[in-house]
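S.K.:
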Amino acid sequence: MAQKSDSSPVPENLDLELRRGVVVLAVLSQLQTEQYGYSLKKALADQGLEIDEGTLYPLLRRLESQGLLQSDWRMAEARPRRYYVISPEGRRVYQALSANWRTLTRVIDRLVQPAEVSDGDPGTA
1 MAQKSDSSPV
11 PENLDLELRR
21 GVVVLAVLSQ
31 LQTEQYGYSL
41 KKALADQGLE
51 IDEGTLYPLL
61 RRLESQGLLQ
71 SDWRMAEARP
81 RRYYVISPEG
91 RRVYQALSAN
101 WRTLTRVIDR
111 LVQPAEVSDG
121 DPGTA
């Protein structure tokens, strides 16, 4: 998933577990318009979310098999590329996940805020 800094106090498995829960939402958010795998990977990385190809491509196939994405093959730059876009069902799921995410982040912000204040460093949590 993301490049891990050796100086991070968070064990890598906990960091991966936290990130794993948001990858579907992030991918669906970026597939409102058609993209192929590499362009999606780059769009996510440009926003600060690095995803390994070994995570991204199986996720795309799984989301398509669940009916949340649609894809088709096209020739682009002299080679075939598979383009993905969110399906109508995927859009409904995305809207529900987005609402759940906003609720969850408000709750988590309230939960971690006292810990940040007591640490004396509001930038760490």
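Take the sequence shown: its position 2, counted from the start at 1, is 2 in this note's numbering, and no numbers get skipped.
Backbone N, C-alpha and C fix where the C-beta goes; we use that ideal spot for every residue, glycine too.
Using a Cβ-Cβ cutoff of less than 7 Å, which residues in the same chain neighbour Ala-26 once the five nearest sequence positions on both sides are dropped?
M.R.: Once the five neighbours on either side are set aside, the close Cβ partners of Ala-26 are Leu-44, Leu-49.
S.K.: Can you find a heavy atom of the ligand PLP that lies under 6 Å from the Cβ of Leu-59?
M.R.: Among the ligands in the structure shown, none appear at all, so the ligand PLP cannot be discussed.
S.K.: Is the Cβ-Cβ distance between Glu-34 and Val-93 less than 7 Å?
M.R.: Contact flag unset, no.
S.K.: If you follow the beta strand (DSSP E) that Val-85 is in, where does it begin and where does it stop?
M.R.: 79–86
S.K.: On a Cα-Cα basis, can you pick out the residue from Trp-101, Leu-28, Gln-47 that is closest to Gly-67?
M.R.: Leu-28
S.K.: Relative to the alpha-carbon of Tyr-83, which residue among Ser-71, Thr-105, Asp-109, Lys-42 has its alpha-carbon at the smallest distance?
M.R.: Ser-71
S.K.: Return yes when the Cβ of Gln-30 is within less than 7 Å of the Cβ of Leu-40, no when it is not.
M.R.: yes
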